[in-house]
Amino acid sequence: MEKSRWYDRLFGKRLIKCSSSSNTEDFDLVPTAEVLQEASYTGVYFSFANINRQNDEFVAKLRELYDRLKAERDGESGKKLEVVQVVMWAHNDNYGDFESSHRESLVGLPWFAMPFSEIELK
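In the numbering used here, each number is its position in the sequence shown, counted from 1, plus 973.
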């Protein structure tokens, strides 16, 4: 029997590729092992679903760091950082609104995230 990897136990078998979608398209799902097995460092970003990203200084700084480190590493054998965003909840009473808020909070980000369906792991 194959022993499950730490990242599969923590994040599930698949991650959302945030940059693969718009508000009208579905996200691409990528095997967690494919995303994290080569990473030297894994950042876990816990967030809320309905934060106004235009005013979110933390996301702006994290994105800047992520993009800079990725650009520095391209074509080199240096350390690799990967970020997994874990959207915890939204301030919505309606379950359908929460799923919509989850999607909106991830669109266009350069990293990966846990799927909405992985509620038990969160």
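From the three backbone atoms N, C-alpha and C, an ideal C-beta is built for every residue, glycine too.
The structure presented is a predicted model; accordingly, all values stated were derived computationally and were not measured.
In chain order, what residues of the same chain have a beta carbon less than 7 Å from the beta carbon of residue i, not counting five sequence neighbours either side?
i	result
Arg-1046	Lys-1053
Leu-1042	Leu-1054
Ser-993	Phe-1000 and Asp-1001
Asp-1040	Pro-1083
Measuring straight from C-alpha to C-alpha, what distance separates residue i and residue j?
i	j	result
Met-974	Leu-983	Per-residue confidence for Met-974 stands at a pLDDT of 49, beneath the threshold of 50, marking its modelled position as unreliable; the derived number appears in the next sentence. Using only the alpha carbons, I get a separation of about 19 Å.
Pro-1088	Gly-1081	15 Å
Thr-1005	Glu-1011	11 Å
Asp-981	Val-1008	11 Å
Val-1056	Gly-1016	4 Å
Ile-989	Glu-1030	23 Å
Val-1032	Ala-1044	18 Å
Which residues in the same chain have their Cβ closer than 8 Å to the Cβ of residue i, if we skip the five residues on either side of it in sequence?
i	result
Cys-991	Phe-1000, Gln-1058, Leu-1079, Val-1080, Gly-1081, Leu-1082, Pro-1083, Trp-1084, Phe-1085 and Ala-1086
His-1075	Ala-1022, Val-1060, Ala-1063 and Phe-1089
Tyr-1014	Lys-1052, Lys-1053, Leu-1054 and Glu-1055
Are residue i and residue j closer than 8 Å when you measure CB to CB?
i	j	result
Arg-987	Val-1003	yes
Gly-985	Glu-1072	no
Tyr-1018	Leu-1035	yes
Ends of the alpha helix (DSSP H) at residue i?
i	result
Glu-1030	1030-1046
Glu-1055	Segment 1054-1060 is the beta strand (DSSP E) holding Glu-1055; no alpha helix (DSSP H) there.
Leu-983	979-984
Can you name the start and end residues of the beta strand (DSSP E) that residue i belongs to?
i	result
Phe-1019	1014-1020
Arg-987	987-990
Val-1003	1001-1004
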